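Chemist: This is the structure I have questions about; it appears just below.
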Amino acid sequence: LHPNYTDRHEDNHQPKLHKGLVVKHNANQRYATTAVTSFLFRELAKRQGLPMQDFVVRNDMGCGSTIGPILASGIGIRTVDVGMPQLSMHSIREMCGTDDVKITYEHFKAFYQHFTELDKIITTDL
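Counting in my numbering, the sequence shown runs from 15 upward without gaps.
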C-alpha cells in the first residue's frame, strides 16, 4: 500500500509487503480473476498453509489491466490474476517484500503439484 495514496484502496483490501501473494479483482473485468478461479487459488493456498491477500480496485476509480482477460477470452483457459505486492510499480524505485518472493514460489509450486487433484473434486457451473 503506497503511503501517499491510501485513499485509492478499499479499506479491507490493501495489499501489504511480506504478507503473501495478491489475487486481483475488478468488477469491470479489467483483471481475469473470476469467483471460480479465485476460489481454486485460495483453496490451494489454504491447503498448503500459504498466506494470500485480495486487491480490489475501488468502484469509483479507474485502474490498469493485465493481459489476463485477453488471454482468457481468446483461448478459454480459466485464469486468475495474481502478483506480489509492490510499492511504486513501474517506477525507478519499484520494490517488493523479500518474504513475498519465497511465498510466491511456494504458491506456484503448490499450484503445479496439487491443482489437478483439487480440480477433480470441485464441481462448478461454467
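For every residue, glycine included, the Cβ atom is placed at its ideal position computed from N, Cα and C. From a predicted model like this one, the values you see are computed outputs, not experimental measurements.
If E24 sits next to V70, beta carbons under 8 Å apart, how far is it from one beta carbon to the other, in whole angstroms?
Modeler: Taking the first residue of the sequence shown as position 1, residue 24 is located at position 10. Taking the first residue of the sequence shown as position 1, residue 70 is located at position 56. Right, the Cβ-Cβ distance comes to about 5 Å (below 8 Å), so this counts as a contact.
Chemist: Within the same chain, show all residues whose beta-carbon is closer than 7 Å to that of P65, passing over the 5 residues directly before and after it, in chain order.
Modeler: Position 51 of the sequence shown, counted from the start, is the residue given in the question as residue 65. Hits under 7 Å: K33, G34 and I117.
Chemist: Helix, strand or coil for G88? Go by DSSP, reduced to three states.
Modeler: Within the sequence shown, residue 88 is the residue found at index 74, counting from 1. Helix at G88.
Chemist: Can you give me the C-alpha to C-alpha distance between A46 and N26, rounded to a whole angstrom?
Modeler: Position 32 of the sequence shown, counted from the start, is the residue given in the question as residue 46. Position 12 of the sequence shown, counted from the start, is the residue given in the question as residue 26. The straight-line gap from Cα to Cα measures roughly 21 Å.
Chemist: Around the Cβ of T137, are there at least 16 other Cβ atoms within 10 angstroms (buried) or fewer (exposed)?
Modeler: Here residue 137 refers to the residue found at position 123 of the sequence shown. T137 comes out exposed.
Chemist: Express the C-alpha separation of V37 and T48 in angstroms, rounding to a whole number.
Modeler: Position 34 of the sequence shown, counted from the start, is the residue given in the question as residue 48. Position 23 of the sequence shown, counted from the start, is the residue given in the question as residue 37. Answer to the nearest angstrom: the Cα atoms are 10 Å apart.
Chemist: Going by DSSP, what residues sit across from L132 in a beta bridge?
Modeler: Your numbering for residue 132 matches position 118 in the sequence shown. Note: L132 sits in no beta bridge, so no partner.
Chemist: With DSSP collapsed to three states, give me the class of H23.
Modeler: Residue mapping note: residue 23 aligns to position 9 of the sequence shown, counting from 1. Here H23 sits in strand by DSSP.
Chemist: Verify whether the separation of the beta carbon atoms of R92 and T51 is less than 8 Å.
Modeler: Within the sequence shown, numbered from 1, the residue matching residue 92 stands at position 78. Within the sequence shown, numbered from 1, the residue matching residue 51 stands at position 37. Cβ atoms of R92 and T51: closer than 8 Å.
Chemist: What are the boundary residues of the beta strand (DSSP E) that includes K38?
Modeler: Residue 38 sits at position 24 when you count from the first residue of the sequence shown. Unbroken beta strand (DSSP E) run through K38: L35 to H39.
Chemist: Take M98 as the anchor and find which of Y19, S105 and H121 has the nearest alpha-carbon.
Modeler: Stepping through the sequence shown from its first residue, residue 98 is reached at position 84. M98 has its Cα closest to that of H121, out of Y19, S105 and H121.
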